[in-house]
Amino acid sequence: MGKIIAIANQKGGVGKTTTSINLAASLGVLEKKVLLIDADPQANASSGLGIDVESVEIGTYQILEHSYTPKDAIVASSSPNVWVLPAHIDLVAIEIELVDKEKREYMLKQALEEVKDEYDYILIDCAPSLGLLTLNALTAADSVIIPIQCEYFALEGLGKLLNTIKSVQKIHNPDLDIEGLLLTMFDSRLRLSNQVVEEVQKHFSEMVFKTIIQRNVKLSEAPSYGESIINFDATSKGASNYLSLANEVIKKNSN
Numbered sequence: 730m731g732k733i734i735a736i737a738n739q740k741g742g743v744g745k746t747t748t749s750i751n752l753a754a755s756l757g758v759l760e761k762k763v764l765l766i767d768a769d770p771q772a773n774a775s776s777g778l779g780i781d782v783e784s785v786e787i788g789t790y791q792i793l794e795h796s797y798t799p800k801d802a803i804v805a806s807s808s809p810n811v812w813v814l815p816a817h818i819d820l821v822a823i824e825i826e827l828v829d830k831e832k833r834e835y836m837l838k839q840a841l842e843e844v845k846d847e848y849d850y851i852l853i854d855c856a857p858s859l860g861l862l863t864l865n866a867l868t869a870a871d872s873v874i875i876p877i878q879c880e881y882f883a884l885e886g887l888g889k890l891l892n893t894i895k896s897v898q899k900i901h902n903p904d905l906d907i908e909g910l911l912l913t914m915f916d917s918r919l920r921l922s923n924q925v926v927e928e929v930q931k932h933f934s935e936m937v938f939k940t941i942i943q944r945n946v947k948l949s950e951a952p953s954y955g956e957s958i959i960n961f962d963a964t965s966k967g968a969s970n971y972l973s974l975a976n977e978v979i980k981k982n983s984n
């Protein structure tokens with residue numbers, strides 16, 4: 730049965746989509762069958778894996794409103810063993826449309842029932858907000874990865890996200906775990922980066938992934954070619970970081 734992992738942080742620019750794309754690709758290279766769900770109206774996870782977002786007719790929007798099933802929407806990506814349930818800008822409207830629906834927080838969970846056994850891992854790239862889209866992702870997920878940027882405001886908003894996770898555990902999904910906190914955009918030359926790492930490890934110890942994602946130009950360039958870092962430059966630091974993270978996730982879930 731597939732493990733569903735949401736990648737969430739309401740702060741923008743912390744590396745959620747970069748992590749979603751490259752963790753999916755790394756798991757795929759390690760011979761795991763992966764589905765990446767793009768639950769962000771910006772649709773960057775879709776375009777970052779070679780999907781022409783403008784041509785998406787059936788995507789996360791239609792799945793959430795239950796007019797189609799995931800099997801109607803899933804497409805192959807540019808990475809081996811990775812499939813994508815793409816998004817489109819029309820996903821912006823879903824929060825308003827779901828507001829009056831009964832069990833609106835469970836729409837994604839219900840939709841994934843038919844496909845979750847077909848993949849080893851299902852990753853959900855969440856929008857940078859704590860709205861209904863992210864709530865659907867957290868309700869559907871078994872666990873959540875929280876990317877934290879190694880910068881000054883890193884811990885700002887983390888308390889709010891952890892409170893949201895607690896309330897989801899209490900009301901909608903008692904089995905939701907924190908898969909781990911992932912330190913991203915680390916620059917070893919900066920004292921501040923090192924201080925953030927120390928601070929996060931001190932406060933959250935066992936919850937923090939051992940792998941730290943370092944700042945890497947290739948990581949920023951890869952999405953513009955519609956490729957993961959593994960396809961774009963397998964020898965880069967970014968590729969070795971995400972392969973290390975994928976190994977950590979696999980190890981954690983095989984115990």
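Residue numbers 730 to 984, in my numbering, belong to the letters of the sequence shown in order. Cβ atoms here follow ideal geometry from the backbone N, Cα and C, with glycine treated the same way.
Query: Those residues which DSSP pairs with F961 across a bridge; Result: Bridge partners of F961: none, in fact.
Query: Three-state class that DSSP yields for S807 in the structure shown; Result: coil
Query: Burial state of S808, where buried means 16 or more other Cβ atoms lie within 10 Å; Result: buried
Query: Cβ-based burial, A866 [other Cβ within 10 Å; buried from 16]; Result: buried
Query: Whole-number beta carbon distance between I803 and L814, since they are thought to touch under 8 Å; Result: 5 Å
Query: Length at least 4, wholly inside the segment 835–885: the alpha helix (DSSP H) runs in chain order; Result: 836–841, 861–869
Query: Sub-8 Å separation of L756 and A968 beta-carbons; Result: no
Query: Per-residue DSSP class, three states only, for Q943; Result: strand
Query: Cα-Cα separation, L884 to I877; Result: 8 Å
Query: The segment 941–961 / the segment 908–920 touching (three or more Cβ pairs under 8 Å); Result: yes
Query: As assigned by DSSP and simplified to three states, the class of I736; Result: strand
Query: Contiguous beta strand (DSSP E) assignments of at least 3 residues, all confined to the segment 752–794; Result: 763–768
Query: Top-ranked residue by Cα proximity to L862, from E977, A754, N810, T789; Result: T789
Query: Three-pair Cβ contact test at 8 Å for the segment 763–777 versus the segment 853–862; Result: yes
Query: Nearest-angstrom Cα separation, counted from E956 out to T893; Result: 32 Å
Query: Rounded separation between G731 and G741 - CA only; Result: 28 Å
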